[in-house]
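Have a look at the structure below before the remarks.
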Amino acid sequence: QQPVQSPQAVILREGEDAVINCSSSKALYSVHWYRQKHGEAPVFLMILLKGGEQKGHEKISASFNEKKQQSSLYLTASQLSYSGTYFCGAEDSGAGSYQLTFGKGTKLSVIP
Amino acid sequence: DTGVSQNPRHKITKRGQNVTFRCDPISEHNRLYWYRQTLGQGPEFLTYFQNEAQLEKSRLLSDRFSAERPKGSFSTLEIQRTEQGDSAMYLCASEGSSDNEQFFGPGTRLTVL
Numbered sequence: 263q264q265p266v267q268s269p270q271a272v273i274l275r276e277g278e279d280a281v282i283n284c285s286s287s288k289a290l291y292s293v294h295w296y297r298q299k300h301g302e303a304p305v306f307l308m309i310l311l312k313g314g315e316q317k318g319h320e321k322i323s324a325s326f327n328e329k330k331q332q333s334s335l336y337l338t339a340s341q342l343s344y345s346g347t348y349f350c351g352a353e354d355s356g357a358g359s360y361q362l363t364f365g366k367g368t369k370l371s372v373i374p
Numbered sequence: 017d018t019g020v021s022q023n024p025r026h027k028i029t030k031r032g033q034n035v036t037f038r039c040d041p042i043s044e045h046n047r048l049y050w051y052r053q054t055l056g057q058g059p060e061f062l063t064y065f066q067n068e069a070q071l072e073k074s075r076l077l078s079d080r081f082s083a084e085r086p087k088g089s090f091s092t093l094e095i096q097r098t099e100q101g102d103s104a105m106y107l108c109a110s111e112g113s114s115d116n117e118q119f120f121g122p123g124t125r126l127t128v129l
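Keeping their order, the protein sequence lines are chains A and B. Start counting the first sequence at 263; every next residue gets the next number (our numbering). Start counting the second sequence at 17; every next residue gets the next number (our numbering).
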C-alpha cells in the first residue's frame, strides 16, 4: 500500500518553514526520506526506525509516530537549495524485506 | 567510493525490441535494488538482491522483466518485447549491510517508440 503524502506541492519564500506529512494504512518498521531534484537521482535525507523518534539534519528534521503510522518532515528557515520533490519511503513491519514503498512525492519550491 | 553508476543513461528503442541495463553498485554493498519511476510518481520497487540472490520481486512485475546479479557485484535488468508502457526512468540503488540508507544511481531513461 502506497503511503500518502501531503501536501502535493508547496511554495515557500526563503526563510519560511514547511511540514510534509507521510501516512500509511499499515504499521511501519521505518520511514526513509529522500529529496529529488529535477533530472537527478533521489538523495537520502534521513531514516526513522523507531516509533516516536525524531531525527535532525541541519535545518531539516523528521518525526515518526509509529502508532499513527505517520511521519512528518520539518524544513525550517528554507533555503533555495531545498527546492525539489520530497519522497517518503515506507518499510512495512514484519514484511521480512527491505523493500521501500514510496509516496507520490511533495514538490517544494523555494523562491527568493 | 565512486557512487552507484548505471549504463546507458538513455535508451530509445522500438516496441518489441529487447533492452538491457547495467548497474554497478558501491563496492562492498551487498544489497541492490531496482526501481522504476514515471513522471510525477515516486520510485516503484521492482526487485531486490542480497549478494547474488534475488530475494524479492514485485508482484506487479511482468514476466518480460528479468534481473541478474551473477557475482554479487554488478546487476543487469533486461526487458523483453518492450511496450510503450515500459517507458520510464529505471533506477538502481545499493545499500551496505550495516546501513539503512539506499544510495541511488543516476538512472537509465528508457523511451519505447
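Every residue, glycine too, gets a C-beta built ideally from N, C-alpha and C. Nothing here was measured: the structure is a model prediction, and the numbers come from that model.
In chain order, what residues of the same chain have a beta carbon less than 8 Å from the beta carbon of residue i, not counting five sequence neighbours either side?
| i | result |
| --- | --- |
| B:Asn34 | Glu94, Ile95, Gln96, Arg97, Thr98 |
| A:Leu362 | His294, Gly351, Ala352, Glu353 |
| A:Pro304 | Tyr296, Arg297, Gln298, Phe349 |
| A:Lys360 | Correcting the residue identity first, residue 360 of chain A is Tyr in this sequence and not Lys. Correct list, in chain order: Glu353. |
Can you find the residues in the same chain that come closer than 7 Å, C-beta to C-beta, to residue i, ignoring five residues on each side of it along the sequence?
| i | result |
| --- | --- |
| A:Ala280 | Val272, Leu274, Leu337, Ser340, Leu370 |
| B:His45 | Ser110, Glu111, Gly112 |
| A:Pro269 | Thr368 |
| A:Tyr344 | Leu337, Leu370, Val372 |
| B:Pro122 | Gln22, Arg25 |
For residue i, collect the residues of the same chain with a Cβ closer than 6 Å to its Cβ; drop the 5 residues on either side in sequence, then sort them by chain order.
| i | result |
| --- | --- |
| A:Ala282 | The sequence shown places Ile at residue 282 of chain A, rather than the Ala named in the question. The residues are Leu335, Tyr348, Thr368. |
| B:Tyr49 | Tyr64, Ala109 |
| A:Phe326 | Val293, Leu310, Glu315, Ser333 |
| A:Leu342 | Val372 |
| A:Lys321 | Thr338, Ala339 |
| B:Tyr129 | Rather than Tyr, the amino acid found at residue 129 of chain B in this sequence is Leu. These residues qualify, in order along the chain: Lys30. |
Would you mind telling me which residues of chain A sit closer than 9 Å to residue i, beta carbon to beta carbon, in chain order?
| i | result |
| --- | --- |
| B:Arg47 | Tyr360 |
List the residues of chain A that residue i touches, going by C-beta distances under 7 Å, in chain order.
| i | result |
| --- | --- |
| B:Leu107 | Ala303 |
| B:Phe120 | Ala303, Pro304 |
| B:Gly123 | Ala303 |
Just how far apart, CA to CA, sit residue i and residue j?
| i | j | result |
| --- | --- | --- |
| B:Pro24 | B:Thr124 | 6 Å |
| A:Val293 | B:Thr54 | 22 Å |
| A:Ser287 | A:Pro265 | 7 Å |
| B:Arg52 | B:Gln22 | 13 Å |
| B:Glu117 | B:Phe61 | 15 Å |
| B:Arg75 | A:Arg297 | 27 Å |
| A:Lys299 | B:Glu68 | 31 Å |
| B:Leu126 | A:Lys330 | 38 Å |
| B:Arg38 | B:Asp102 | 17 Å |
| B:Phe90 | B:Ser82 | 14 Å |
| B:Leu71 | A:Gln267 | 28 Å |
| B:Gly19 | B:Leu77 | 27 Å |
| B:Leu107 | A:Pro374 | 32 Å |
| B:Gln100 | B:Arg80 | 13 Å |
| B:Lys73 | B:Glu84 | 12 Å |
| A:Glu302 | B:Met105 | 11 Å |
| B:Asp40 | B:Gln66 | 14 Å |
| A:Gly277 | A:Gly346 | 16 Å |
| B:Gly56 | B:Ser114 | 32 Å |
Using a C-beta to C-beta distance shorter than 8 Å, which residues of chain A count as neighbours of residue i?
| i | result |
| --- | --- |
| B:Pro41 | By Cβ distance, chain A contributes nothing, its closest Cβ being about 13 Å from B:Pro41, past 8 Å. |
For residue i, go through chain B and note every residue whose CB falls closer than 7 Å to its CB, in chain order.
| i | result |
| --- | --- |
| A:Ile309 | Asn116, Glu117 |
Using 8 Å as the cut-off, classify the Cβ of residue i as near or not near the heavy atoms of the ligand ATP, replying yes or no.
| i | result |
| --- | --- |
| B:Leu76 | The ligand ATP is not part of the structure shown, which contains no ligands of any sort. |
Item to complete: Examine the Cβ distances between the segment 28–39 of chain B and the segment 329–342 of chain A and report whether three or more of them are shorter than 8 Å.
Response: no
Discussion item. At a CB distance below 7 Å, what residues from the segment 359–371 of chain A approach chain B? Give them in sequence order.
Written reply: Ser359, Tyr360, Gln361, Leu362, Thr363, Phe364, Gly365, Lys366, Gly367
Fill in: Residues in the segment 47–75 of chain B having any Cβ partner in chain A nearer than 9 Å
Arg47, Tyr49, Tyr51, Gln53, Gly56, Gln57, Gly58, Pro59, Glu60, Phe61, Tyr64, Gln66, Leu71, Glu72, Ser74
Fill in: Residues in the segment 335–357 of chain A having any Cβ partner in chain B nearer than 7 Å
Phe349
Discussion item. Give me the subset of the segment 273–300 of chain A whose CB atoms are less than 9 Å from a CB atom of chain B, sorted by chain position.
Written reply: Ser292, His294, Tyr296, Gln298
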